[in-house]
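K.L.:
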Amino acid sequence: MADLTTTAPRAVTNPRATLQDLLPKIVLAPSFALILIFVYGFIVFTAFLSFSGSKLLPDFSTWVGLNNYVRLFNHPNWITALKNLAIFSTLYIVVCSAIGLALAIFLDQKIRGEGVLRPIYLYPMALSFIVTGVAWKWFLDPGIGLEHVMQSWGWESFSFRWIKDGKMAIYTIVIAAVWQSSGFVMAMFLAGLRGVDNEIIKAAQIDGASTLTIYRRIIIPLMRPVFLSAFVVLAHLAIKSYDLVVAMTDGGPGTATWTPALFMQKFTFGRNEMGMGAASAIIMMMMIFAIIVPYLYSELGKKK
Amino acid sequence: MSAASQDVATRNGIFARAFIYAVLILFAVYYLLPLYVMIVNSLKPLDEIRQGNMLALPQQWTIAPWLSAWSTAQIGVQPTGLKPYFLNSVMMVVPAVAISTILGALNGYVLTKWRFKGDNIVFGMMLLACFIPFQIVLIPSARILGLTGLAGTITGLVLIHAIYGLGFTTLFFRNYYEAFPTELVRAAQIDGASFFQIFRRILLPSSGPIIVVTVIWQFTNIWNDFLFGSSFSGFNSIPITVALNNLVNSSTGVKEYNVHFAGAILAALPTLIVYIVSGRYFVRGLMAGAVKG
Chain B
24 MADLTTTAPR AVTNPRATLQ DLLPKIVLAP SFALILIFVY GFIVFTAFLS
74 FSGSKLLPDF STWVGLNNYV RLFNHPNWIT ALKNLAIFST LYIVVCSAIG
124 LALAIFLDQK IRGEGVLRPI YLYPMALSFI VTGVAWKWFL DPGIGLEHVM
174 QSWGWESFSF RWIKDGKMAI YTIVIAAVWQ SSGFVMAMFL AGLRGVDNEI
224 IKAAQIDGAS TLTIYRRIII PLMRPVFLSA FVVLAHLAIK SYDLVVAMTD
274 GGPGTATWTP ALFMQKFTFG RNEMGMGAAS AIIMMMMIFA IIVPYLYSEL
324 GKKK
Chain D
330 MSAASQDVAT RNGIFARAFI YAVLILFAVY YLLPLYVMIV NSLKPLDEIR
380 QGNMLALPQQ WTIAPWLSAW STAQIGVQPT GLKPYFLNSV MMVVPAVAIS
430 TILGALNGYV LTKWRFKGDN IVFGMMLLAC FIPFQIVLIP SARILGLTGL
480 AGTITGLVLI HAIYGLGFTT LFFRNYYEAF PTELVRAAQI DGASFFQIFR
530 RILLPSSGPI IVVTVIWQFT NIWNDFLFGS SFSGFNSIPI TVALNNLVNS
580 STGVKEYNVH FAGAILAALP TLIVYIVSGR YFVRGLMAGA VKG
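First to last, the sequence lines map onto chains B and D.
Sequential numbering of the first sequence, starting at 24, is according to our numbering.
Sequential numbering of the second sequence, starting at 330, is according to our numbering.
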């Protein structure tokens with residue numbers, strides 16, 4: 024990029040001009056320094072911790088090599104957390120994308136009241152996961168929520184106790200998380216649909232393609248970049264999922280709904296296993312970077 | 330209104346359209362249901378929730394749960410209600426949003442109009458910082474806050490939120506200023522305008538929309554934050570999300586569901602109002618943060 028930036032040679036005669044030249048970098052420097060220390064420096068710090076025998080406090084005097092990682096992957100709670108992450112992220116991504124795409128396509132059919140429906144689909148994104156958690160926790164509670172409602176309507180045998188059931192509780196978190204995020208995915212797809220070139224559709228219609236065929240063969244394949252964006256956003260949210268789990272089940276019943284983020288928190292600050300906590304955070308970061316770095320790389324590459 | 334698929338739409342039969350409307354309305358009900366449950370049950374006496382039906386309207390309307398949630402409910406050890414925590418959140422959010430937005434604007438300005446060697450690397454590093462799992466910085470952050478005496482203070486939380494918001498605010502302003510004509514900046518420069526004069530007189534006046542988007546984004550994220558709040562707050566700096574969680578998940582005493590729901594709405598109110606008033610900008614922020622991100 025050969026543009027007219029200040030790096031172009033210029034006769035520097037007086038100190039004021041020099042200051043003006045340096046000013047942009049001086050302005051940027053504090054932010055960059057903060058990011059450098061608080062993000063990258065801290066990552067290095069945590070990486071070191073993960074190889075140390077730290078318990079209650081950071082302790083760099085004992086080195087244990089990969090021992091924390093070995094213990095981590097042999098710990099049943101971490102295995103539970105990984106299994107939950109696999110179930111949660113798969114369902115969360117698939118269901119959110121399916122609902123998001125379906126709603127976007129339906130909304131794009133010259134719907135009367137679109138202006139009313141769209142904000143309704145999207146407002147959960149403005150809420151805190153804690154609020155979402157409280158609402159769903161009590162709504163799915165067998166004592167007062169859905170089960171109680173159905174029974175009081177006369178369906179005496181109706182039973183819905185997933186949130187109290189170790190095997191099913193993780194699915195209730197999926198329900199709440201899908202509720203919160205699917206509207207957002209809808210908005211992404213809707214923006215994508217409205218960007219589709221009209222000419223292609225017209226050509227297909229002249230060729231006699233049915234509506235279904237046009238969607239299946241032309242429009243949905245054109246949505247590939249949106250699918251990719253949705254995948255990246257949802258996957259990284261899934262790996263970070265913490266607040267919602269705390270609010271709904273706090274990892275329970277037992278350890279049934281532990282996620283990696285919950286594991287990190289509980290081991291570092293609850294069980295004084297800082298070394299293992301740090302190791303779990305490093306694994307989480309590696310999972311996220313595995314998804315986000317190639318994506319950012321291709322996105323940034325496209326623009327230039 | 331150039332939506333391509335709208336041409337497809339006109340060819341749907343009446344039954345197909347009825348089906349589409351039915352599905353759309355069904356989902357609207359699904360999205361509204363938890364809000365409805367929270368509102369109606371926050372206006373009922375506790376007995377009515379226990380014995381009655383969560384989906385029914387109150388038989389006996391009462392605002393007592395709201396008053397309790399705001400000012401008398403037991404949170405932790407004290408019967409203070411959510412009020413002090415709500416104020417903590419306000420005191421935390423306002424400076425954190427202001428600082429991160431101002432710095433983000435300046436960073437975006439430098440990164441687009443005063444480009445230098447390696448600026449893309451600087452930007453790339455700031456961008457990647459948006460996506461790190463915050464678990465990775467929890468331990469060292471706690472250390473730094475402890476060492477600087479900011480542990481457990483609102484100032485500490487402001488600092489943390491401002492720093493970890495910088496990536497996104499910079500991203501927003503950079504993408505916005507990228508489209509701003511650089512010739513105008515160069516012309517002003519030749520006329521002798523200084524770095525800050527150019528920013529103030531030329532870029533800032535047309536930055537309205539992106540400032541709104543950034544402020545909303547930061548406000549929503551920081552207000553709704555739980556992880557930092559629960560990790561770094563002390564007795565006098567607990568934000569509302571943490572207090573709400575304490576209220577709802579405290580194991581002692583009777584579970585006052587109606588108070589919990591009122592509290593949840595109180596905690597959600599500021600971001601909901603922002604969303605209702607300026608939903609357009611909210612969505613733009615989401616898109617800019619996610620799609621471009």
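Just so it is clear, CB atoms sit at the ideal spot from N, CA and C, and this is done for glycine as well.
1. In the DSSP assignment, the alpha helix (DSSP H) including residue 582 of chain D goes from what residue to what residue?
2. Assuming residue 562 of chain D and residue 486 of chain D form a contact by the criterion Cβ under 8 Å, report the distance between their Cβ atoms to the nearest whole angstrom.
3. Helix, strand or coil for residue 475 of chain D per DSSP?
4. Helix, strand or coil for residue 523 of chain D? Go by DSSP, reduced to three states.
5. DSSP has residue 86 of chain B in a bridge; who is on the other side?
6. Would you verify that the beta carbon of residue 334 of chain D is, or is not, closer than 7 Å to some beta carbon of chain B?
7. Can you pull the DSSP bridge partners for residue 407 of chain D?
8. What residue from B/193, B/136, B/249 has the CA that sits closest to residue 159 of chain B's CA?
9. Could you give the C-beta distance for residue 510 of chain D and residue 308 of chain B, rounded to a whole number, given that I count them as a contact under 8 Å?
10. Let's test the definition: count the other Cβ atoms within 10 Å of the Cβ of residue 141 of chain B and tell me whether it reaches 16, buried, or not, exposed.
11. Flag this pair as touching only if the segment 538-558 of chain D and the segment 495-504 of chain D have three or more C-beta atom pairs under 8 Å; answer yes or no.
12. How would you list, in chain order, the residues of chain D whose beta-carbon sits under 7 Å from the beta-carbon of residue 98 of chain B?
13. Under 7 Å, do residue 596 of chain D and residue 576 of chain D count as touching if we go by C-beta distance?
14. Which bits of chain D does residue 159 of chain B rub up against, with CB to CB less than 7 Å?
15. Excluding five sequence neighbours on each side, which residues of the same chain lie with their C-beta closer than 8 Å to the C-beta of residue 181 of chain B?
16. At the 7 Å Cβ level, is residue 69 of chain B part of the contact set with chain D, yes or no?
17. Pull the bridge partners of residue 562 of chain D from the DSSP assignment, please.
18. Buried or exposed for residue 388 of chain B, going by 16 or more other Cβ atoms inside 10 Å?
19. Can you have a look at residue 464 of chain D and say buried or exposed, based on whether 16 or more other CB atoms are within 10 angstroms of its CB?
20. By the three-class DSSP mapping on this structure, what secondary structure does residue 225 of chain B have?
21. Does DSSP put residue 32 of chain B in a helix, in a strand, or in coil?
22. Taking only the alpha-carbon atoms, compute the straight-line gap between residue 283 of chain B and residue 304 of chain B and give it to the nearest angstrom.
23. Kindly confirm or deny that the segment 389-405 of chain D and the segment 586-593 of chain D touch, where touching means at least three C-beta pairs closer than 8 Å.
24. For residue 566 of chain D, collect the residues of the same chain with a Cβ closer than 7 Å to its Cβ; drop the 5 residues on either side in sequence, then sort them by chain order.
25. Going along the segment 284-302 of chain B in order, which residues come within less than 8 Å of chain D, judged by CB to CB distance?
26. Among the residues of its own chain, which have a CB less than 8 Å from the CB of residue 27 of chain B, if the five just before and after it don't count?
27. Give me the subset of the segment 367-382 of chain D whose CB atoms are less than 7 Å from a CB atom of chain B, sorted by chain position.
28. When the cut-off is 7 Å and only beta carbons count, does residue 548 of chain D lie next to chain B?
29. Is residue 253 of chain B closer than 7 Å to residue 201 of chain B when the C-beta atoms are compared?
30. Going along the chain, which residues of the segment 582-598 of chain D sit with their C-beta nearer than 7 Å to a C-beta in chain B?
31. Excluding sequence positions up to five away, which residues of its chain have a Cβ less than 6 Å from the Cβ of residue 507 of chain D?
32. Which first and last residues belong to the alpha helix (DSSP H) in which residue 376 of chain D is found?
33. Keeping to the same chain, check which residues put their C-beta closer than 7 Å to that of residue 126 of chain B; ignore five residues upstream and five downstream.
34. Quick one: what's got a C-beta closer than 7 Å to residue 335 of chain D's C-beta in the same chain, skipping five residues either side?
35. For residue 429 of chain D, which residues in the same chain have their Cβ closer than 6 Å to its Cβ, ignoring the five residues on either side in sequence?
36. Report the residues of the segment 258-284 of chain B with a CB closer than 7 Å to any CB of chain D, ordered along the chain.
P.N.:
On the basis of the supplied data:
1. Premise fails: residue 582 of chain D is in no alpha helix (DSSP H) and is neither H nor E.
2. Confirmed, Cβ separation roughly 6 Å.
3. Residue state for residue 475 of chain D is assigned as helix, using DSSP reduced to three classes.
4. DSSP places residue 523 of chain D in coil when its eight states are reduced to three.
5. According to DSSP, residue 86 of chain B bridges with B/75.
6. Its pLDDT being 46, under 50, residue 334 of chain D is placed unreliably in this model, and the coordinates cannot settle the point.
7. Residue pairing by DSSP places residue 407 of chain D opposite D/404 in a beta bridge.
8. Cα-wise, what sits closest to residue 159 of chain B is B/193.
9. That pair is no contact at about 39 Å.
10. Per the 10 Å Cβ criterion, buried.
11. Between the segment 538-558 of chain D and the segment 495-504 of chain D there are three or more C-beta pairs closer than 8 Å, enough to call the two in contact.
12. By Cβ distance, chain D contributes nothing, its closest Cβ being about 16 Å from residue 98 of chain B, past 7 Å.
13. Going by C-beta atoms, residue 596 of chain D is not nearer than 7 Å to residue 576 of chain D.
14. Per Cβ cutoff of 7 Å: 363.
15. Within the same chain, and ignoring the five residues on either side of residue 181 of chain B in sequence, the residues whose Cβ sits closer than 8 Å to its Cβ are 170, 173, 174.
16. True, the Cβ-Cβ gap to chain D drops below 7 Å.
17. Looking at the DSSP output, residue 562 of chain D shares a beta bridge with D/481.
18. The shown model of chain B, from 24 to 327, leaves out residue 388 of chain B, and the question about it has no answer.
19. Classification for residue 464 of chain D: buried.
20. Assignment of residue 225 of chain B by DSSP, reduced to helix, strand and coil, places it in the helix class.
21. Since pLDDT at residue 32 of chain B reaches only 46, below the 50 mark, its modelled position is unreliable, and the value read off the structure follows with that caveat. Of the three classes helix, strand and coil, the one that applies to residue 32 of chain B here is coil, per DSSP.
22. Using only the alpha carbons, I get a separation of about 8 Å.
23. Yes: the two stretches touch, three or more of their Cβ pairs being nearer than 8 Å.
24. Once the five neighbours on either side are set aside, the close Cβ partners of residue 566 of chain D are 417, 481, 482, 483, 486.
25. Correct list: 284, 287, 288, 291, 292, 297, 300, 301.
26. Residue confidence for residue 27 of chain B is low, a pLDDT of 42 falling below 50, so the modelled location carries little weight and cannot support an answer.
27. Listed by position, the residues of the segment 367-382 of chain D near chain B (Cβ gap below 7 Å) are 367, 378, 379, 382.
28. At a cut-off of 7 Å, the C-beta of residue 548 of chain D has no neighbouring C-beta in chain B.
29. Contact flag unset, no.
30. Within the segment 582-598 of chain D, the residues whose Cβ lies closer than 7 Å to some Cβ of chain B are 586, 589, 593, 596, 597, listed in chain order.
31. Correct list, in chain order: 441.
32. Counting along the chain, the alpha helix (DSSP H) containing residue 376 of chain D begins and ends at 375-380.
33. The residues are 144, 209.
34. Confidence is the limiting factor: at residue 335 of chain D the pLDDT is only 48, short of 50, which leaves the residue's position unreliable, though a coordinate-based value still follows. Taken in chain order, the list of residues that qualify is empty.
35. Hits under 6 Å: 491, 494, 495, 498, 547.
36. Those residues of the segment 258-284 of chain B that come within reach of chain D (Cβ to Cβ, closer than 7 Å) are 259, 262, 263, 265, 266, 269, 270, 273, 284.
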